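Number of protein chains: 4
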Amino acid sequence: MAVNRFGRLLTLTTFGESHGPAIGGVLDGLPAGMPIDLNLVEECMNRRRPGKSPYASARNESDSIEWLSGMYNGFTLGSPLAFLIRNSDARSTDYQDLESVFRPSHADYTYSKKYGIRDHRGGGRSSARETAVRVAAGALLLPWLHQQGISILAYVDQIGLHRTPTLTFSPDQVYSSPVHCPEPETAKKMMQAIETAKSNGDSLGGTIRCQILGLPVGLGAPVYAKFHADMGSAMLSINAVRGLEWGEGFDMATRFGSETNDAFVPGESGIETLTNHSAGVQGGITNGMPVDFRLAFKPTSTIARPQKTVNQKGEPITMSATGRHDPCVVPRAVPVVEAMAALVVADHILAAKAYANLWKP
Amino acid sequence: MAVNRFGRLLTLTTFGESHGPAIGGVLDGLPAGMPIDLNLVEECMNRRRPGKSPYASARNESDSIEWLSGMYNGFTLGSPLAFLIRNSDARSTDYQDLESVFRPSHADYTYSKKYGIRDHRGGGRSSARETAVRVAAGALLLPWLHQQGISILAYVDQIGLHRTPTLTFSPDQVYSSPVHCPEPETAKKMMQAIETAKSNGDSLGGTIRCQILGLPVGLGAPVYAKFHADMGSAMLSINAVRGLEWGEGFDMATRFGSETNDAFVPGESGIETLTNHSAGVQGGITNGMPVDFRLAFKPTSTIARPQKTVNQKGEPITMSATGRHDPCVVPRAVPVVEAMAALVVADHILAAKAYANLWKP
Amino acid sequence: MAVNRFGRLLTLTTFGESHGPAIGGVLDGLPAGMPIDLNLVEECMNRRRPGKSPYASARNESDSIEWLSGMYNGFTLGSPLAFLIRNSDARSTDYQDLESVFRPSHADYTYSKKYGIRDHRGGGRSSARETAVRVAAGALLLPWLHQQGISILAYVDQIGLHRTPTLTFSPDQVYSSPVHCPEPETAKKMMQAIETAKSNGDSLGGTIRCQILGLPVGLGAPVYAKFHADMGSAMLSINAVRGLEWGEGFDMATRFGSETNDAFVPGESGIETLTNHSAGVQGGITNGMPVDFRLAFKPTSTIARPQKTVNQKGEPITMSATGRHDPCVVPRAVPVVEAMAALVVADHILAAKAYANLWKP
Amino acid sequence: MAVNRFGRLLTLTTFGESHGPAIGGVLDGLPAGMPIDLNLVEECMNRRRPGKSPYASARNESDSIEWLSGMYNGFTLGSPLAFLIRNSDARSTDYQDLESVFRPSHADYTYSKKYGIRDHRGGGRSSARETAVRVAAGALLLPWLHQQGISILAYVDQIGLHRTPTLTFSPDQVYSSPVHCPEPETAKKMMQAIETAKSNGDSLGGTIRCQILGLPVGLGAPVYAKFHADMGSAMLSINAVRGLEWGEGFDMATRFGSETNDAFVPGESGIETLTNHSAGVQGGITNGMPVDFRLAFKPTSTIARPQKTVNQKGEPITMSATGRHDPCVVPRAVPVVEAMAALVVADHILAAKAYANLWKP
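Protein sequences, first through last, are from chains V, X, D and Y. Each residue of the first sequence is one higher than the one before, starting from 0 at the first, in numbering that gives the first Met the number 0. Each residue of the second sequence is one higher than the one before, starting from 0 at the first, in numbering that gives the first Met the number 0. Each residue of the third sequence is one higher than the one before, starting from 0 at the first, in numbering that gives the first Met the number 0. Each residue of the fourth sequence is one higher than the one before, starting from 0 at the first, in numbering that gives the first Met the number 0.
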């Protein structure tokens with residue numbers, strides 16, 4: 000079924016297997032006349048790119064993008080913007096032994112059983128390599144969102160047991176850290192934890208926090224297209240995400256309404272709330288306050304230690320991973336979270352525009 | 000924008016405002032020849048119905064369903080199955096004072112600002128009354144799912160600080176409890192906590208756990224239509240949901256891969272996993288093991304205590320709620336969670352059927 | 000599969016079988032604050048209603064509409080607008096003999112074979128009775144379209160061999176004719192032809208022409224959502240339509256480009272074309288000139304004469320129709336054509352609004 | 000808005016401007032394990048390719064396809080199948096003079112007005128070059144359709160006033176003709192007519208007939224997804240199509256029901272109809288008889304003769320086309336019609352599979 004597509008008015012269709020000729024995407028529904036900032040795209044791509052630090056996979060992909068359509072003289076044309084990224088450093092030989100093996104907690108078994116065929120090399124279509132396409136697509140939207148006063152910032156909130164203190168951070172603080180943790184002391188501990196896990200042939204999970212400032216009031220809808228439901232769907236589609244908290248999330252479940260209601264007050268530019276337990280969304284629709292959510296990532300399934308599993312015939316075997324992989328995917332997932340957030344926000348802005356000022360009763 | 004619809008091949012479109020003439024739904028994409036069990040629908044509706052216990056709103060809706068189309072002689076016709084529920088006990092006078100007031104943490108402000116007009120009575124379109132339609136729709140699918148060996152069971156996992164022990168429960172244990180908590184001792188404490196909150200003019204949050212057994216391998220897809228992303232979107236569209244954990248959720252973020260990987264083993268009816276940290280989904284596709292997730296609900300926004308807020312002119316006022324409302328929505332949300340789960344499962348089964356056995360390579 | 004829905008941003012979902020409890024629809028994606036003119040809806044419904052003249056079915060449906068949601072104090076709420084129409088004059092006994100018969104050129108055979116079950120009474124879901132819902136939905140949009148200077152007018156262009164001269168007509172001229180033919184002499188001949196066919200136990204086909212004035216430049220898209228492709232899909236979904244000509248249609252196929260190209264000229268309110276062979280659409284996008292298309296309807300399949308056919312067992316039989324039916328559906332299809340045109344136009348206007356003035360390069 | 004996509008379960012998303020880096024497509028929703036026949040794709044591409052005969056544009060595109068994803072060892076993977084075609088022989092200098100000119104009956108004016116920006120070179124996104132992508136996508140489906148006993152054959156039915164006699168033709172007869180007209184005498188006259196038009200600096204319209212044999216009973220749906228409505232939408236999205244007749248089309252409008260009804264009779268492999276006025280579809284659903292439809296194409300808008308028009312400032316000018324173009328697009332449109340028909344058929348087969356044999360009442 001045709002489900003390799005995300006969005007409503009603005010859609011991203013992605014394609015490509017990890018070790019096939021290329022991965023890529025088609026961004027359809029972009030406003031025409033939007034300026035393109037390819038440097039900004041490259042910056043975002045670099046934040047996700049492997050092969051840069053000991054905390055990420057050693058696969059060295061240049062991830063340079065070939066632009067195929069949809070732009071002319073530096074502006075969008077209103078037609079689909081397509082692009083591709085070659086898979087240049089695919090060492091498929093690493094995966095030869097895995098052709099008939101179902102790696103634990105990977106998609107090997109479920110993909111094989113569902114489709115009856117699979118490209119086992121590097122995880123094929125199930126590989127997180129697909130998220131490179133999302134980062135490129137999301138980055139293309141940033142100039143347009145920035146012009147509207149909207150900013151999106153994600154950072155690594157927790158790795159293992161090390162948690163970033165709850166403060167306000169700048170993009171520079173986040174991006175200058177090899178693990179995308181803006182607080183240097185915590186970042187250092189996180190890096191040590193990753194190194195230790197790696198040297199133990201193990202992997203680590205973590206959490207990411209994402210904040211969106213400057214959203215207008217009115218994005219979302221009361222029932223199925225709640226802003227946070229669409230955002231949640233976007234986030235849960237990112238590999239390894241296993242939990243989502245909107246604002247205070249599960250802590251809200253233990254509270255009284257008198258503690259968690261946000262009182263409305265007259266603000267400088269309209270109505271505001273005194274507190275922000277709603278994390279920017281009420282009744283499924285943005286209220287102009289900061290959006291704030293947190294995601295849980297499970298540890299990478301690929302670990303170097305020998306593990307018990309079965310082969311395609313269902314026979315018990317013991318395997319050890321040999322491909323290059325991330326001991327902790329969380330740092331590299333930060334730009335993916337930002338990109339998916341950008342796609343959701345842009346899509347909702349377009350939907351809201353379709354209905355604005357149509358009729359004055 | 001047309002977003003009052005959920006699903007892909009099987010869709011539920013809902014309509015209706017809390018105090019308008021009726022709420023209702025159109026279930027389109029049902030298989031033809033499916034038997035209808037209206038008693039089962041009524042049972043599910045009763046579990047959600049208000050006016051039954053001191054732990055829920057006193058609004059006494061019979062919630063009797065008028066069936067309009069799509070069935071003939073007890074079977075589905077393959078055409079849209081439409082139904083409506085009259086709003087019989089709507090005391091709109093309770094809301095007269097609220098016409099110009101934005102209630103804290105409700106949808107009043109965001110709806111007004113987005114649409115420029117609203118039906119303030121009982122929350123209008125933003126009311127959780129819409130979820131009655133979902134329960135009816137989900138219940139219609141149960142005979143078909145049961146025939147395939149699939150069962151869905153949700154229960155109240157936590158209210159305030161009282162948490163249900165992690166055990167295996169039967170539907171009877173859940174449904175016989177006025178608060179849908181299957182463990183009697185915990186249920187008693189939850190009821191006391193709700194009563195206390197109510198007498199304090201306050202409200203309470205909580206969590207629901209949902210388990211799905213008997214799913215086939217192969218529901219979902221590798222990228223955007225991951226089974227748990229679609230399920231997450233369904234759950235986040237339920238009023239007051241603020242968090243979702245798939246399996247161990249946020250706890251996974253603190254672990255090592257060697258602790259959370261699920262080893263494959265030969266099982267009786269095919270390949271199984273020794274543990275179920277994946278909670279039934281790997282690479283976005285079901286693996287045949289039990290699905291298991293947990294949801295956080297914030298406390299009801301409507302509380303009897305006086306609260307500071309603003310009116311439509313943005314002027315500060317103090318208000319006290321007078322409408323009938325739930326001191327804790329979590330017990331009544333249990334059948335809503337089950338219904339949305341049924342819709343997601345049925346939709347994914349149909350999608351999988353479209354592609355099964357098409358070509359034997 | 001969920002396909003009882005038409006439109007993109009503005010969608011109409013319909014439900015109901017001809018002799019079931021009710022037919023109805025959900026119009027989702029309406030702008031909020033749009034005024035409702037129920038009298039205008041009734042007028043449009045009356046134009047399609049059976050039982051009014053000897054030229055249409057004697058089934059006497061009041062077709063009074065019950066409004067269920069989406070409006071408040073005379074304005075749309077931005078939520079789904081749902082409504083239903085009871086099937087009050089369904090004489091299902093007329094169809095008792097037909098339960099096991101496949102009527103020639105009807106949907107009986109194909110529906111049975113596809114779904115394995117059918118409501119044979121009055122054609123069930125395949126009945127043109129469903130188009131009453133479309134008329135109501137289209138009529139709701141008219142005040143909004145009129146305010147934007149857009150008008151839609153269809154009329155009967157041909158019945159049998161009698162063709163309406165190509166002139167400009169007013170709505171009054173069309174609507175005052177019992178067969179919706181605006182030219183009285185031709186109308187008289189058409190009525191005679193219908194009466195003759197009826198008395199012979201036969202039925203007649205015909206054509207409808209539809210013109211849309213006042214459309215803005217820019218509705219449609221270059222590739223798959225061409226304005227005339229979406230309009231064509233809408234028109235081909237009307238029962239009995241077997242052909243569509245955009246502008247001069249098949250005559251264009253016999254011409255030279257030098258004869259059919261439309262020269263651009265400066266006009267009063269912008270660029271116009273000297274001729275209108277394009278019938279208002281160039282490259283799939285409206286150019287501000289009148290839209291003009293023609294539809295062919297086949298003769299009604301239900302005829303009183305004895306016909307050879309087979310029953311559900313595949314055995315040859317001879318049958319004679321006894322239900323009430325139209326000797327010629329074309330006059331009653333005029334408001335259906337107008338309604339579907341209104342839905343397409345409104346949907347495209349909303350899509351265009353989403354992208355207007357987003358970025359000034 | 001994201002509308003560069005065709006289909007429901009099986010979708011084709013296309014991208015690319017005529018003189019941009021590349022055009023291409025993503026075919027999503029293909030069954031996994033389907034064999035790929037790249038030679039067959041090339042054959043179909045050759046039938047549409049320009050630069051081969053004096054009856055088509057001299058633009059010499061190799062139209063070689065670069066396959067990017069979705070296949071492995073000669074079979075589909077169930078993941079999106081993406082491909083691109085470079086624009087190698089784009090002589091954009093031909094279009095330099097046209098940067099500020101609105102060519103008569105082209106998309107220049109409407110695209111500019113809608114999007115505020117355009118790539119004027121070769122028609123940009125509005126160019127029929129996009130249809131090369133459709134041909135490739137449709138050709139990929141042919142082995143799967145052939146295996147199911149389905150064949151699709153289109154041919155040139157009329158050019159100018161020369162019409163192909165109504166006979167049964169083989170693919171060889173069609174494909175061996177430079178103008179895709181299977182009857183040699185008529186083909187000769189068509190070629191002469193095209194040459195004459197070309198030497199006069201003019202262009203010609205024509206019609207194409209398409210027949211589909213071997214379809215199962217049950218494709219389509221009773222209301223909006225009628226098989227012929229979806230097919231019509233597909234056909235009207237092809238550049239220059241201005242009319243569609245299903246079966247006898249407009250001739251049906253002049254007939255009596257007693258002449259056009261198809262009597263059911265017991266056939267060898269089930270129920271058949273004695274005649275086929277329904278052209279294979281009854282009540283929107285295929286009945287197993289041959290599908291048969293005809294399309295009208297307007298003459299190419301690009302002609303060499305001087306024409307009056309306006310420039311972007313709205314000032315009157317006279318222009319003469321200098322780009323390479325087709326004096327008659329109809330012959331090259333034949334494989335495009337076949338490809339769109341293949342996409343519609345395959346999509347409907349998948350939809351039917353989702354609902355087959357789900358429940359035996």
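A virtual CB, placed ideally from N, CA and C, is assigned to each residue, including glycine. None of these values were measured; they are calculated from a predicted model.
- With 16 or more other CB atoms across the displayed protein chains lying within 10 angstroms of its CB, D:A106 is buried.
- Going by beta carbons, Y:L235 and D:K225 fall inside the 8 Å limit.
- Taking 8 Å as the threshold, the shortest C-beta distance from X:R124 to chain D falls below it.
- According to DSSP, residue pairing for X:E41 in a beta bridge does not occur.
- In the DSSP assignment, X:K307 falls within the unbroken beta strand (DSSP E) covering 306 to 310.
- Between the alpha carbons of V:W143 and D:E247 lies a gap of roughly 43 Å.
- About 30 Å separates the beta carbons of D:G24 and D:V100, which is beyond the 8 Å limit, so they are not a contact pair.
- Here the C-alpha atom of X:P330 lies approximately 38 Å from the C-alpha atom of Y:R7.
- Counting of Cβ neighbours within 10 angstroms places V:Q281 among the buried residues, the total reaching 16 or more.
- Residues of the region 33 to 59 of chain D with a C-beta atom less than 8 Å from some C-beta of chain Y do not occur.
- In this structure V:P334 touches V:R47 by the C-beta definition: roughly 4 Å separates them, less than 8 Å.
- When the Cα atoms are used, X:A341 and V:S52 turn out to be separated by approximately 45 Å.
- The alpha-carbon separation between X:A350 and X:A220 amounts to approximately 10 Å.
- Per the DSSP secondary-structure output, V:W66 pairs in a beta bridge with V:F82.
- Chain Y has a Cβ within less than 8 Å of the Cβ of D:S277.
- Of V:A338, V:G115, V:D346, V:Q191, the smallest CA-CA separation from V:C209 is found for V:A338.
- Sequence-distant Cβ neighbours of D:D346 in its own chain, meaning closer than 7 Å and more than five residues away, are G6, R7, L8, L9.
- When the alpha-carbon of Y:G204 is set against those of Y:G121, Y:P177, Y:V240, the nearest one is in Y:V240.
- Rounded to the nearest angstrom, the gap between the Cα atoms of D:P183 and Y:A135 is 53 Å.
- If you draw a 10 Å sphere on the C-beta of D:S61, you find fewer than 16 other C-beta atoms in it, and that means exposed.
- Annotated three-state conformation of V:V343 is helix, per DSSP.
- By the Cβ-count criterion, D:S63 is exposed, with fewer than 16 other Cβ atoms from all chains shown falling within 10 Å of its own Cβ.
- Checking the DSSP bridge columns, you'll see X:P315 partnered with X:V309.
- Contact between Y:E65 and V:S78 is ruled out by a C-beta separation of about 20 Å, above the 8 Å threshold.
- A residue is called buried when at least 16 other Cβ atoms come within 10 angstroms of its Cβ; D:D171 does not meet this threshold and is exposed.
- Here V:R4 carries a strand assignment [DSSP, helix/strand/coil].
- Per DSSP, the continuous alpha helix (DSSP H) segment holding V:F226 begins and ends at 226 to 235.
- Around the beta-carbon of X:P326, 16 or more other beta-carbon atoms lie within 10 Å, marking it buried.
- The beta carbon of V:V25 sits closer than 8 Å to some beta carbon of chain Y.
- The alpha-carbon separation between X:L212 and X:F168 amounts to approximately 13 Å.
- Taking all protein chains shown into account, D:G137 has 16 or more neighbouring C-beta atoms within 10 Å of its C-beta and is therefore buried.
- For Y:H161, the closest alpha carbon among the candidates Y:V178, Y:I151, Y:R102, Y:G148 is that of Y:V178.
- Unbroken alpha helix (DSSP H) stretches of 4 residues or longer found wholly inside the region 124 to 207 of chain D: 130 to 146, 170 to 174, 183 to 198, given in chain order.
- For V:D107, the enclosing alpha helix (DSSP H) covers residues 107 to 114.
- Using beta-carbon distances, D:P30 counts as an interface residue toward chain V, with a partner under 8 Å.
- Taking a contact to require three or more Cβ pairs closer than 8 Å, the region 301 to 317 of chain D and the region 257 to 275 of chain Y qualify as touching.
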